[in-house]
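**Student:**
In our numbering, the protein residues as written are 2 to 355.
1. What does residue 80 pair with, by DSSP beta-bridge criteria?
2. Contact check, residue 1 vs residue 336 under 8 Å by CB: the rounded distance?
3. If contacts are defined as beta-carbon pairs under 8 Å, then residue 226 and residue 296 qualify, I think. What distance do you get, rounded to the angstrom?
4. Reducing DSSP to helix, strand and coil, say where residue 59 ends up.
5. On the criterion of 16 or more Cβ atoms from any shown chain inside 10 Å, does residue 102 qualify as buried, or is it exposed?
6. Among 324, 302, 195, 77, which residue has its Cα nearest to the Cα of residue 148?
7. Would you mind stating whether residue 140 and residue 192 have Cβ atoms separated by less than 7 Å?
8. What residues match up with residue 347 in a beta bridge as DSSP calls it?
9. Who are the near neighbours of residue 322 in its chain, counting only those whose CB is closer than 7 Å to its CB and skipping five residues on each side?
10. To the nearest angstrom, how far is the alpha carbon of residue 353 from that of residue 89?
11. Please classify residue 33 as buried or exposed, where buried requires at least 16 other C-beta atoms within 10 Å of its C-beta.
12. Quick check: the stretch 234-242 against the stretch 108-123, are at least 3 beta-carbon pairs closer than 8 Å?
13. Look at residue 281 and residue 112 and say whether their C-beta atoms are less than 7 Å apart.
14. Nearest CA to the CA of residue 134: which residue from 326, 183, 180, 173?
15. Tell me whether residue 249 is buried or exposed, calling it buried when 16 or more other Cβ atoms sit within 10 Å of its Cβ.
16. Assuming residue 247 contacts residue 303 under a Cβ cut-off of 8 Å, what Cβ separation, rounded to an integer in Å, is found between them?
17. Along the chain, which unbroken stretches of the beta strand (DSSP E) at least 3 residues long are found entirely within the stretch 192-229?
18. Going by the beta-carbon positions, is the gap between residue 194 and residue 142 smaller than 7 Å?
19. Can you list, in chain order, the residues of its chain whose CB lies under 7 Å from that of residue 293, leaving out five sequence neighbours each side?
20. Go through its chain and collect everything with a Cβ distance to residue 26's Cβ below 6 Å, but skip five positions before and after it.
21. What did DSSP end up calling residue 342 once you bin it into helix, strand or coil?
22. For residue 165, which residues in the same chain have their Cβ closer than 6 Å to its Cβ, ignoring the five residues on either side in sequence?
23. Let me know if residue 284 comes out buried or exposed under the rule of 16 or more other beta-carbons within 10 Å of its beta-carbon.
24. Between which two residues does the alpha helix (DSSP H) containing residue 69 stretch?
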């Protein structure tokens, strides 16, 4: 395997297929069934009480001690950009290619976000053939590197994220984070996600609303799935992991030659980190304009390997090209592939968070 220049080797482990069960009520008829092992592996998230956007309690600093610590009254986006330490500094020792000064830090990686249960009103509509699910709102991580919102999901009501089929693909492909997530101390995840139903927001259904904390103290070396439950019966599952001694990988993807794909190229991009079998849901959509860059940020343990898999739905479910890059402290690396007469370019830029 040629680390750094792309690879034709698949990840040694594959995601376990979900076991289907017979539906015995309305909710199960519209949500993919979970086997017993999957149910047992989902851990309820630690919700911050008294933290709702609907009633404004989340914006009151005296409502909960964490409100002021994580600046929940401030809705601004994080001021920190990615790739802040891509270039070597004068303290790199013995040299920037084998830097022992910048050795990474504890970081949080979000693998996926899944709509695991519909709120009661949406379940009835979906069972009656109500069409695709339109999700909007936001989910943002607040860490103590800069406790402003670091969005991982951010869609407006006018341009919602669409889940076409809950049975085949209940996952929400994330739009962030903007930069790496610092996890040397616990992080707070703020969220307000709804299902668009009518002409006005008052007709929509809340899925989850509030905040939850995720600890830096864990003995689990792989991914953990937490369930965030809403007050109306809906819930979302967030799969995440703590990576120690990790660096920030900023992945940029663009099309430099459209070839015969005049209407753009539909892509699924997923990733794996090291030997963890959990799949990172990176991107699902169309790349249509030349040289328009799609950017994603991933946490990777220093000296482990980031695998990127590209799938074109029109060609089936198997990856049609793969890249593999070993994480380093500084610098960047790039590559390209020909996909159905199109040329797709990939650039990965490495950086420490601080």
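Glycine included, C-beta positions come from ideal geometry on N, C-alpha and C.
In this text, all values refer to a predicted model and were calculated from it rather than measured experimentally.
**Tutor:** By the coordinates alone:
1. As a first step, residue 80 must be located in the chain shown, where it is residue number 79. Note: residue 80 sits in no beta bridge, so no partner.
2. No answer is possible for residue 1: it lies beyond the span of the chain, which begins at 2 and ends at 355.
3. Working through the chain shown from its first residue, we reach residue 226 at position 225. Working through the chain shown from its first residue, we reach residue 296 at position 295. Residue 226 to residue 296, Cβ: 26 Å. No contact.
4. Mapped onto the chain shown, residue 59 falls at position 58. The answer is helix: DSSP assigns residue 59 an H, G or I state.
5. Your numbering for residue 102 matches position 101 in the chain shown. With fewer than 16 Cβ atoms within 10 Å of its Cβ, residue 102 is classed as exposed.
6. For the purposes of this step, residue 148 is taken as the residue at position 147 of the chain shown. The option with the nearest alpha carbon to residue 148 is 77.
7. Within the chain shown, the letter at position 139 stands for residue 140. Within the chain shown, the letter at position 191 stands for residue 192. For residue 140 and residue 192, yes; Cβs fall inside 7 Å.
8. To locate residue 347, count along the chain shown from 1; it is residue 346. 254, 336.
9. Indexing the chain shown from 1 puts residue 322 at position 321. Taken in chain order, the residues that qualify are 311, 338, 340.
10. Mapped onto the chain shown, residue 353 falls at position 352. Mapped onto the chain shown, residue 89 falls at position 88. Going by the C-alpha atoms only, they are around 10 Å apart.
11. Stepping through the chain shown from its first residue, residue 33 is reached at position 32. In this predicted model, residue 33 has a pLDDT of only 48, less than 50, meaning its place in the structure is not dependable; the value taken from the coordinates is given anyway. Classification of residue 33: buried, given that the 10 Å Cβ count is 16 or more.
12. yes
13. Position 280 of the chain shown holds residue 281. Position 111 of the chain shown holds residue 112. Contact flag set, yes.
14. Translated into the one-based positions of the chain shown, residue 134 becomes position 133. Nearest C-alpha to residue 134: 173.
15. If you number the chain shown from 1, residue 249 lands on position 248. Buried, since its Cβ has 16 or more Cβ neighbours within 10 Å.
16. Here residue 247 refers to the residue found at position 246 when the chain shown is read from its first residue. Here residue 303 refers to the residue found at position 302 when the chain shown is read from its first residue. Confirmed, Cβ separation roughly 6 Å.
17. 206-215
18. The residue you call residue 194 lines up with position 193 of the chain shown. The residue you call residue 142 lines up with position 141 of the chain shown. Their beta carbons are not under 7 Å apart, which means residue 194 does not touch residue 142 by this criterion.
19. Working through the chain shown from its first residue, we reach residue 293 at position 292. Within its own chain, the residues whose Cβ lies closer than 7 Å to the Cβ of residue 293, once the five positions on either side in sequence are excluded, are 255, listed in chain order.
20. Mapped onto the chain shown, residue 26 falls at position 25. Unreliable placement is indicated for residue 26, whose pLDDT of 43 sits below 50; the coordinate value is still reported in the next sentence. Here the set comprises nothing.
21. The residue labelled residue 342 in the question sits at position 341 within the chain shown. Coil at residue 342, not helix or strand.
22. For the purposes of this step, residue 165 is taken as residue 164 along the chain shown, with counting starting at 1. Once the five neighbours on either side are set aside, the close Cβ partners of residue 165 are 133.
23. Numbered from 1 along the chain shown, position 283 holds the residue referred to as residue 284. The residue is buried, with at least 16 neighbouring Cβ atoms inside 10 Å.
24. Counted from its first residue, the chain shown places residue 69 at position 68. It spans 66-70 - the alpha helix (DSSP H) in which residue 69 sits, taken as one unbroken run.
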